[in-house]
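**Q** Keeping their order, the protein sequence lines are chains C and G. Using the numbering used here, read the first sequence as starting at 1 and increasing by one per residue. Using the numbering used here, read the second sequence as starting at 1001 and increasing by one per residue.
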Amino acid sequence: MKHIIEILKEFPEVCNYKISQVQTSSYETFFVHKQLETVRATDTTDTSVTVYVLHDGKMGDSVFSVYASTTESELRAKIALAVEKAQLVNNQPYDLPAGETLCEQIPSNIGEMEPKELAKEIARACFDANDHPNGSLNALEIFVNKVRVHIVNGNGLDKCEQKYNCMVEAIPTWTDGESVELYECYNFSTFSYDDVKAEIAGKMQEVRDRYYATKPQINPNCTVVLNAPEIASLLWEITGELGYVSVYSHSNAYKKGDNLQDGDCDKLTVTMCGKIEGSHRNSLFDGDGVTLQDTVVIQDGVTVNYYGSNRFGQYLGEKVTGMLPCMQVSAGSVTESDLQKEPYFECVSMSGLQVDIYNDYIGGEVRLAYYFDGTKKVALTGISISGKLSEALATLRLTDKIVTSNSYRGPHRALFDKIAVI
Amino acid sequence: MHFSSYLDSKRGEIKELIKELSKSFSYVSVLATDVKASLVNANRRTSSMSEGSASECGFVVKLNNGRGFYEYSTDDISGDKATLAQKIANSVAISQSLCDDQITANDIADEPLVQSFERPCDFDNYSPKQLIAFCEDIKDQLLAKDENIVNAICGLNYFTISKLFISKNKELDQFYSWINATAMVVYRNGEKMVMAREGSYSNLMSEALAELPKLLDKLVHKANRLSHAKPIVPGVYDCITDPSITGLIAHEAFGHGVEMDQFVKDRALAKQYVGKYVASPICNMHDGAAAAFSTASYFFDDDGVLAQDTQIIKDGILVNGISDLTSASELGTAPTGNGRRQSYKRKAYSRMTNTFFEAGTDKLEDMIASIKHGYMLFETDNGMEDPKNWQIQCTAQYGIEIVDGKLTDNYVAPVVMSGYVPDLLKSISMISDQFKVIGSGSCGKGYKEWVRVSDGGPALKVKVKLA
C-alpha cells in the first residue's frame, strides 16, 4: 500500500484516494455423496484504488485494481487513466471519512483449528446429521474462509479487520424408490459441531417430509406463515427502498413517515446493524472505512430513517450510518402455543420468495409446506402463494421467539392473512 | 485490443510450474486469466467511470492423481517453482482420515493441441470522454421524452477476456470481448412507480452503441404501460412466451437439470430420462458456447476443452447432457466444453452457455389467434431450478392479456410461472418460426457461482400456472 500511495502523490490532480485491500485464504472441500471429489485452496489479494479529483466545482472519482503482477509503470498508467475518467465525472463534492484508525479481529473460534481439520469436522457434523438409510447428503460443499480487510485513505483513515467464516452448501436427499432433495446454505462465524449437526438434521427431517408431501386436492384458505429466511428476504427488499442511494436517485418506493402497516397487527420495528449475534456478515466498518452506526429504519410499522454510505448520506444531509450489513427485528406477540390455536399454512422451503414492491406483490412457489388444520399437521408440495404486499403487511403477526438467519436476527415466524395459497 | 501481454509473458513460468507439479501428479493444468472490465454510468444526479468488479488477473492450478481433484487459486506464481509446487501441495493436503474416502476418476484425456483464438474488438476506438458523453446523451434523451420519468439511467458494462490454458499436452489462448449497454427509467404515474429497461449487446462497441438509441421510444412506452399494470388473477392459462421467457424456461426447466455434475451427485432426474421423451415431440433444445453467439460464446472452457454445440433435446427426446472435465471424468464420458468458473478463485462446474429451443414453423400471429383467453409473457426477471424434482419457478417482468385471439392493451405485472417441468414442456403445442438468443444474462448455480449466459429461442405456446 505504501508504494501505491507514494506513486499516487506524484499526481497533483488527485485530491484524495482510498485503497482497499482484501486478503483471502480459503480451504474448500467438495463431496459427492460421502466421497471427497475436490479439495481447493485459495491465496489471493484484491487491491482496489479509488482516486478523487476536484474539477470545476465538481468531484469525480474512478476505481481501478492493482494486482501482484502490476508493474510500477502500469500502476502510473492506471492512475493516469483513472484521473482522466474522474475528470469526466461531475458529481457533487463530499468529504471522505477522516483520521480514524482501527485494527481488530471479529471474535471467532474458526482460526483456532487448522483449516483442513476444521473442514473435516464440519463434514463429520453434516454426515452425522443423517441417521436413516433413506436419507443422504448427495452433495456437500464446505468453505473455510479467513478474510483480512484493510482500508486507508488520504485523510488518515487506516482500518483493518480480520474475520473468519464458514459456509456449508448441502443437498439433503430422501430416497425410497423415488427421490427428492432440498437445498441448504448455512453460514456461520463460530463453529459448533452440535449446531452444524442440528441445522443439517433439521433439513433432513424437512426433506423426508417433502418426500411424503402431497399436492392438496383443495388449497387451504388460512393464515400463511413465513420462516426467518423468507422474512429476511422480504425485509431486505423493503429496507432496500430506504437506502440513501435509492432516495437520492428518486427510485425509492417508500419515504420517511410512510405507514407500512395500516391495520390491527404486530408493528414492525427494524434496525439496520453492523453486528448481530451469530452472523457471518458482522463488520466494524464499511467499504469506505466508515464506522457502522446501528439505525432504526422502521419503528412501529412506520418508516423513520434512511441509511447508507458516506457519500450519499452527505448528499442528503443525513447522518452517515455506513452500509449496514445486518438487520435486527423486534419480537412479536405470537407464542408457539398460540400457533396451535388456528389453522395455518407454513412455507418451509420456497424456490425463492418473490417480492415486487413497485407492483405491490408477494408470492412464490412453495416446495414444502406444512398445513395445520387445527388438529394435525400434514406436508404439502406443488403449490404457490400470491398476494398484495400492502394488504399482507397490514395483517402481520410475529412470533416472540427470536432466531438468527444469516444477516437477520428477529422473529422466527411471520403470520400473514390475505395471502392466497394457489 | 489483443491477448494479454502479461499472460503471454507467463507461459514459461507456467510450464515450469507444471513440470514441477508433474513429479507428484499425473494430471496438471494451469488456467491463467486476465479480465479487464469497465463500467460507465450516468443517471439524473450522478455519473461514474470505473473498472468493473469482474476484473481479475490470476491463476488456478488443477491436479489429479486418479482419485480426487485438487485446485489452487493464486494471483502470484513468481519465484522458485519447486517451492511454489510444494506450497500448493501443502495447501491442498487433506486430513489423513479422508484419504480413503476420495472418488476414483477415470483417465483424463489431454490430447495434444496448440491453438490461439481471437475475436475482433473495437473498444480502443472509444475514449472515456466519448463513452460518458454517450451515456449522458441517452439519459438526457430519456428525461426529455416524458415528464413522468423521475430518473433515467444509461450504463455500459464492457470487458475483455484473455485466458491461457496450459497442460502437459495443450497450450490454448483466447481473447474476446463483450459489451452490454443498458437504458433504464424509473417512471412514476400518480402513486405507482415502475422500472423498465432495454438493452443492446455485442462483441463490438460500435454495434451496441448504435442499437441502444433505437430502443428508447419502446422503453418509455413500456414504462408507461407498466405503470398501468394490474396484478394477474392466479390460474392456469394458455400463454405465448417471448424469446426471453422461452429461454428462461429452457434454462431453468431443463438446462440446470442436464448439467452433468448433477448426474454424478444423483441430483438430476434427467439422468434417468436420457433416451426418453421429456418434452413435446416438436421440441429441440441446444446448449453450447459454439451453438450461438453471445456473452457466453468462448473458444475453450475453463478446463481447456473446445467449445461445442450440444443438442440436449431432439424431437422431444433427451439425448445429451453438458459436462465439465471433472464430472465427465467421473462419468467416463467426454467433456462437452461446459466447465466454467465464476473467476479464477472459484471451482469449475458444469454450466450452461447459450441455451435455447430451436425455431419451429408456426407464425406468431397464428399462435396468438389460437388463444381464447390467456397471456403473452415478456422479459425475464428471475428463475429458480429444481433439477431433482422438476419443479419450476420463472418470473416474467410482465404479461399482456390475450382475448379472443388478439393482444389487448391490458398489462399484468409481475407474473410468476410455476409448475412441474414435464407438464410444462409437454404442453408446448406451437413453436414460432422467429428465433432470438438474448445475449446478456448471468446465472448462478444454487445461489452462487455466477457466470455469463444467454438463452432464448422462438415463441412457444404453453399451458402454465400463473400467479
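For each residue, glycine too, the CB sits at the ideal point set by N, CA and C. Since this is a predicted model, take the numbers as computed values, not measurements.
What does the alpha-carbon distance come out to for the pair Gly1304(G) and Val1264(G)?
**A** 21 Å
**Q** Answer yes or no: does any C-beta atom of chain G fall closer than 8 Å to that of Asn359(C)?
**A** yes
**Q** Give a yes or no on whether the C-beta atoms belonging to Glu1252(G) and Met1384(G) are separated by under 8 Å.
**A** yes
**Q** Identify whether Gln261(C) lies in helix, strand or coil by the three-state DSSP scheme.
**A** Gln261(C): coil per DSSP, three-state reduction.
**Q** Which of helix, strand or coil does DSSP assign to Ile1313(G)?
**A** strand
**Q** Quick one: is Gln1096(G) buried, meaning 16 or more other Cβ sit within 10 Å of its Cβ, or exposed?
**A** Residue burial is scored here from C-beta neighbours: Gln1096(G) has fewer than 16 other C-beta atoms within 10 angstroms and is therefore classed as exposed.
**Q** Buried or exposed, going by whether 16 or more other CB atoms sit within 10 Å of the CB of Asn1151(G)?
**A** When all chains shown are included, Asn1151(G) counts as buried.
**Q** Any Cβ of chain C within less than 8 Å of the Cβ of Val1464(G)?
**A** no
**Q** Would you call the CB atoms of Leu226(C) and Arg40(C) closer than 8 Å?
**A** Not in contact: Leu226(C) and Arg40(C) (Cβ atoms no closer than 8 Å).
**Q** Give, in chain order, every residue of the segment 1092-1106 of chain G whose Cβ lies closer than 7 Å to some Cβ of chain C.
**A** Val1092, Ala1093, Ile1094, Ser1095, Ser1097, Leu1098, Asp1101, Gln1102, Ile1103
**Q** Here's the rule: buried if 16 or more other CB atoms are within 10 angstroms of the residue's CB, otherwise exposed. What is Asp1433(G)?
**A** exposed
**Q** Exposed or buried, what is Ser405(C) when buried is set at 16 or more other beta-carbons lying within 10 Å of its beta-carbon?
**A** Buried.
**Q** What are the complete beta strand (DSSP E) segments, minimum 3 residues, inside the segment 1390-1420 of chain G?
**A** Unbroken beta strand (DSSP E) stretches of 3 residues or longer found wholly inside the segment 1390-1420 of chain G: 1391-1403, 1406-1412, 1415-1420, given in chain order.
**Q** What's the C-alpha gap between Gln1391(G) and Cys222(C)?
**A** 24 Å
**Q** Please decide whether Ala1089(G) counts as near chain C, where near means a Cβ-Cβ distance under 8 Å.
**A** So, not an interface residue.
**Q** Can you tell which of Gly364(C), Arg124(C), Thr47(C) has the C-alpha that lies nearest to the C-alpha of Leu234(C)?
**A** Gly364(C)
**Q** Going along the segment 32-63 of chain C in order, which residues come within less than 9 Å of chain G, judged by CB to CB distance?
**A** Val32, His33, Lys34, Gln35, Leu36, Glu37, Thr38, Val39, Arg40, Ala41, Thr42, Asp43, Thr44, Thr45, Asp46, Ser48, Thr50, Gly60, Asp61, Ser62, Val63
**Q** Note down, in chain order, every chain C residue with its Cβ under 8 Å from the Cβ of Cys1135(G).
**A** By Cβ distance, chain C contributes nothing, its closest Cβ being about 10 Å from Cys1135(G), past 8 Å.
**Q** For Arg1346(G), name the three-state secondary structure that DSSP assigns.
**A** coil
**Q** Pick helix, strand or coil for Arg413(C), following the three-state DSSP scheme.
**A** strand
**Q** Looking at Pro1243(G) and Ile1438(G), is the spacing between their C-beta atoms short of 8 Å?
**A** yes
**Q** How would you write the range of the alpha helix (DSSP H) that Ala394(C) sits in, first residue to last?
**A** Here Ala394(C) belongs to no alpha helix (DSSP H), and DSSP marks it neither H nor E.
**Q** According to DSSP, simplified to helix, strand and coil, what is Asn221(C)?
**A** coil
**Q** Cβ of Glu181(C) less than 8 Å from any chain G Cβ?
**A** yes
**Q** Name, going along the chain, the residues of the segment 233-251 of chain C whose beta-carbon falls closer than 8 Å to a beta-carbon of chain G.
**A** Cβ contacts with chain G come from Tyr248, Ser249, His250, Ser251.
**Q** How would you write the range of the beta strand (DSSP E) that Val1278(G) sits in, first residue to last?
**A** Run containing Val1278(G): none; DSSP gives neither H nor E here.
**Q** Please compile the residues from chain G whose C-beta is within a distance smaller than 7 Å of the C-beta of Ala139(C).
**A** Neighbours of Ala139(C) on chain G, chain order: Lys1265, Arg1267.
**Q** Where do the ends of the beta strand (DSSP E) carrying Ile1149(G) lie?
**A** 1149-1167
**Q** Between the C-alpha atoms of Thr1046(G) and Asn91(C), what's the straight-line distance to the nearest angstrom?
**A** For Thr1046(G) and Asn91(C), the distance between alpha carbons rounds to 6 Å.
**Q** For Leu137(C), name the three-state secondary structure that DSSP assigns.
**A** Residue state for Leu137(C) is assigned as strand, using DSSP reduced to three classes.
**Q** I'd like to know whether the C-beta atoms of Ala82(C) and Val51(C) end up nearer to each other than 8 Å.
**A** Result yes, Cβ atoms of Ala82(C) and Val51(C) sit closer than 8 Å.
**Q** For the segment 1156-1169 of chain G and the segment 1020-1039 of chain G, state whether three or more C-beta atom pairs, one from each stretch, are separated by less than 8 Å.
**A** yes
**Q** Please report how far the alpha carbon of Asn1106(G) lies from the alpha carbon of Thr1336(G), in whole angstroms.
**A** 16 Å
**Q** Within 10 angstroms of the Cβ of His1373(G), are there 16 or more other Cβ atoms? Answer buried if so, exposed if not.
**A** exposed
**Q** For Ile422(C), go through chain G and note every residue whose CB falls closer than 7 Å to its CB, in chain order.
**A** Using a Cβ-Cβ cut-off of 7 Å, Ile422(C) is close to Pro1234, Ala1467 of chain G, given in chain order.
**Q** Quick check on DSSP: helix, strand or coil for Leu1172(G)?
**A** strand
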